[in-house]
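As structure tokens, the structure follows; a few thoughts come after it.
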Amino acid sequence: DVKVTQSSRYLVKRTGEKVFLECVQDMDHENMFWYRQDPGLGLRLIYFSYDVKMKEKGDIPEGYSVSREKKERFSLILESASTNQTSMYLCASSLPGTGIHEQYFGPGTRLTVT
Amino acid sequence: EDKVVQSPLSLVVHEGDTVTLNCSYEVTNFRSLLWYKQEKKAPTFLFMLTSSGIEKKSGRLSSILDKKELSSILNITATQTGDSAIYLCAVERGAQKLVFGQGTRLTINP
Numbered sequence: 001d002v003k004v005t006q007s008s009r010y011l012v013k014r015t016g017e018k019v020f021l022e023c024v025q026d027m028d029h030e031n032m033f034w035y036r037q038d039p040g041l042g043l044r045l046i047y048f049s050y051d052v053k054m055k056e057k058g059d060i061p062e063g064y065s066v067s068r069e070k071k072e073r074f075s076l077i078l079e080s081a082s083t084n085q086t087s088m089y090l091c092a093s094s095l096p097g098t099g100i101h102e103q104y105f106g107p108g109t110r111l112t113v114t
Numbered sequence: 115e116d117k118v119v120q121s122p123l124s125l126v127v128h129e130g131d132t133v134t135l136n137c138s139y140e141v142t143n144f145r146s147l148l149w150y151k152q153e154k155k156a157p158t159f160l161f162m163l164t165s166s167g168i169e170k171k172s173g174r175l176s177s178i179l180d181k182k183e184l185s186s187i188l189n190i191t192a193t194q195t196g197d198s199a200i201y202l203c204a205v206e207r208g209a210q211k212l213v214f215g216q217g218t219r220l221t222i223n224p
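Structural data, given as structure tokens:
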């Protein structure tokens, strides 16, 4: 059974702080993704990674960076948090390859920036 | 710009009713359409559709893709309070990059 875990369920940070959101998956998946979910906008892709040390920008990468030093771990970094980054952040992972595979999601981190 | 639109955005019905949720898309390099159910936590996978006109079923839930109309529907028959959730439609546009709709919030009243 695939398990994707995220380091915090709820997080409150101040404007300007550096924020790290951690995601770990235990199924040896090559692909990992970070989304944010906002009411009325659905889930939007921030960054994704197909392999260790590899990253690609999604649809809304501005204000974010990522790190993938180990296969099972994908970190999302907010270099200087702003109030418009208050959101629910969801991590996902999936199998690699040219086939079509579903993505497995973590429980989410609700981040509030004050 | 790739776009996925779901309707309705919100729906309230009584237990036992049948509901139909809609998803339409405008996406380049379409590969598949996926439906997820999101209760309080992680979205959980329901269906993946790649071929037009072939219905996928799981218990009281079913879904079908129409590539000509660029749309999909998700049907739930004999609804139960446990079906209350946000239903997400997503389209894969190459290399597992998903674009999501806004979601439909379904509430089933006893």
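Keeping their order, the protein sequence lines are chains A and B.
Residues 1 to 114 (our numbering) are what the first sequence spells out, left to right.
Residues 115 to 224 (our numbering) are what the second sequence spells out, left to right.
Where a beta carbon is used, it is the ideal one built from N, C-alpha and C, also for glycine.
(request) For Arg141(A), count neighbouring Cβ atoms within 10 angstroms of its own Cβ and tell me buried if that reaches 16, exposed if not. (result) Shown here, chain A extends from 1 to 114; a query on residue 141(A) therefore has no answer.
(message) Just checking: is the beta-carbon of Glu102(A) within a distance shorter than 9 Å of some beta-carbon in chain B?
(response) yes
(request) Please list, in chain order, all residues of the same chain as Arg44(A) whose beta carbon is under 7 Å from its beta carbon, the five residues on each side excluded. (result) Tyr35, Arg36, Asp59, Ile60
(message) Less than 7 Å between C-beta atoms, sequence neighbours within five positions excluded: which residues of the same chain meet that for Gly208(B)?
(response) Within the same chain, Gly208(B) has close Cβ partners Asn143, Arg145.
(request) Measuring alpha carbon to alpha carbon, tell me which of Val12(A), Pro96(A), Arg110(A), Leu111(A) ends up nearest Glu30(A). (result) Pro96(A)
(message) Quick check on Met32(A): buried or exposed, where buried means 16 or more other Cβ atoms within 10 Å of its Cβ?
(response) It is buried - the Cβ of Met32(A) has at least 16 other Cβ atoms within 10 Å.
(request) Kindly indicate which three-state DSSP category Asn189(B) falls into: helix, strand or coil? (result) strand
(request) Give the secondary structure of Gln194(B) by DSSP, where H, G and I count as helix, E and B as strand, and everything else as coil. (result) coil
(request) Can you tell me which of the three DSSP states Asn136(B) falls into? (result) DSSP places Asn136(B) in strand when its eight states are reduced to three.
(request) Check whether the Cβ atoms of Val118(B) and Tyr139(B) lie closer than 9 Å to each other. (result) Note that the C-beta distance between Val118(B) and Tyr139(B) is below 9 Å.
(request) Go through its chain and collect everything with a Cβ distance to Leu184(B)'s Cβ below 7 Å, but skip five positions before and after it. (result) Ser138, Tyr139, Glu140
(message) If you reduce the DSSP assignment to three classes, tell me which class Asn31(A) lands in.
(response) strand
(message) Strictly under 9 Å for the Cβ-Cβ distance: is Pro224(B) near chain A by that measure?
(response) no
(message) Using 9 Å as the threshold, is the C-beta distance between Ser65(A) and Glu79(A) below it?
(response) Yes. Within cutoff.
(request) Determine the extent of the beta strand (DSSP E) in which Lys3(A) is found, giving its start and end residues. (result) Taken as a continuous stretch (DSSP letters only), Lys3(A) belongs to no beta strand (DSSP E), as it is neither H nor E.
(message) Strictly below 9 Å CB to CB, what residues from chain B border Phe105(A)?
(response) What Phe105(A) touches in chain B: Tyr150, Gln152, Lys155, Ala156, Pro157, Thr158, Phe159.
(request) State the DSSP-derived secondary structure class of Gln210(B), mapped to helix, strand or coil. (result) The answer is coil: DSSP assigns Gln210(B) none of H, G, I, E or B.
(request) With 9 Å as the threshold, decide whether the Cβ of Ala199(B) is near any Cβ in chain A. (result) no
(message) For the region 27 to 41 of chain A, list every residue whose C-beta sits within 9 Å of some C-beta in chain B, in sequence order.
(response) Asn31, Phe33, Tyr35, Gln37, Pro39, Gly40, Leu41
(request) Report the residues of the region 73 to 98 of chain A with a CB closer than 8 Å to any CB of chain B, ordered along the chain. (result) Leu90, Ser94
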